[in-house]
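Under this note's numbering, think of the first position of the sequence shown as 17, with each following residue one higher. What follows is a single structure, written as C-alpha cells, with notes after it.
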Amino acid sequence: MMKQHINVNALKTRHTAASFVTSMVDDDLTKLERAAPSMQSDKKGLVLAPIDCPCCKQRVTVPTLDIVIDRYKVTPLEARILGAVWKGKGMPVMTERIFDAMYSDDPDGGPSPTRMYAAFKVALCHLRARLAGSGIAVENVGYRQGYRLILGVY
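As C-alpha cells, then:
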C-alpha cells in the first residue's frame with residue numbers, strides 16, 4: 017500500500033479560499049434578507065414583499081395567477097396575456113398562442129393581425145408597469161421566439 021504525501025499548506029490555502037467565498041455568499045444573503053422586509057411600497061401603494069392571499073389573509077411567497085391578478089388589479093385583457101404566459105411555466109410562449117388567449121371569446125378570432133399585435137404591445141406595456149417591483153415579469157425571449165414568465169426578479 018502506497019502512502020500519499022499530503023501538502024498541508026495547500027489544503028489550508030484551499031480551505032481559506034473556500035471559506036472566504038462562502039462568507040461572501042453569506043454576506044450577500046444576509047443583505048438580501050435584511051432588505052426584503054424593508055421593501056414597503058411604491059408610488060401606487062403596492063406591496064413589494066410577499067403577497068397576502070385575498071381569501072385567508074396568509075402570506076404567500078409563491079403566488080398563484082389568481083392572487084397576482086387580484087392583488088395588482090390586472091385588467092381582463094392583461095390577465096389573459098399573463099395567463100397565457102403563466103401556462104408556459106417559464107418556457108417561451110409564442111405570440112400567436114397569446115393572441116388566441118386574448119381573443120378566445122371573439123367569434124371572429126379578433127381584429128386584423130396588425131391591430132392585434134398593436135393591442136398586445138399596449139396591454140403588455142401596461143401589464144409590465146403594473147407588475148413592476150412585484151418580482152413577476154414578462155420577458156421577450158428573442159425575435160419571433162415569444163415571451164416567457166420570470167419569477168423572483170426585483
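Yeah, the Cβ is synthetic: ideal placement off N, Cα and C, and Gly gets one too.
So does the region 114-125 actually touch the region 94-103, counting three or more Cβ pairs closer than 8 Å?
yes
Please specify which runs of the alpha helix (DSSP H), each continuous and at least 4 residues long, are wholly inside the region 83-149, giving them in chain order.
Whole alpha helix (DSSP H) segments, 4+ residues: 92-103, 111-118, 129-147.
Among the candidates S128, K137, P92, whose CA atom is the shortest distance from the CA of G162?
Scanning S128, K137, P92 for the CA closest to the CA of G162 turns up K137.
State buried or exposed for K60, treating a residue as buried only when at least 16 other CB atoms are found within 10 Å of its CB.
Its pLDDT being 39, under 50, K60 is placed unreliably in this model, and the value from its coordinates should be taken loosely. K60 is exposed by the Cβ-count criterion.
Which residues mark the beginning and the end of the beta strand (DSSP E) in which V78 is found?
Premise fails: V78 is in no beta strand (DSSP E) and is neither H nor E.
Have a look at V84 and L165 and give me their C-alpha separation to the nearest angstrom.
For V84 and L165, the distance between alpha carbons rounds to 13 Å.
Beta-carbon proximity of V101 to V90, cut-off 7 Å
no
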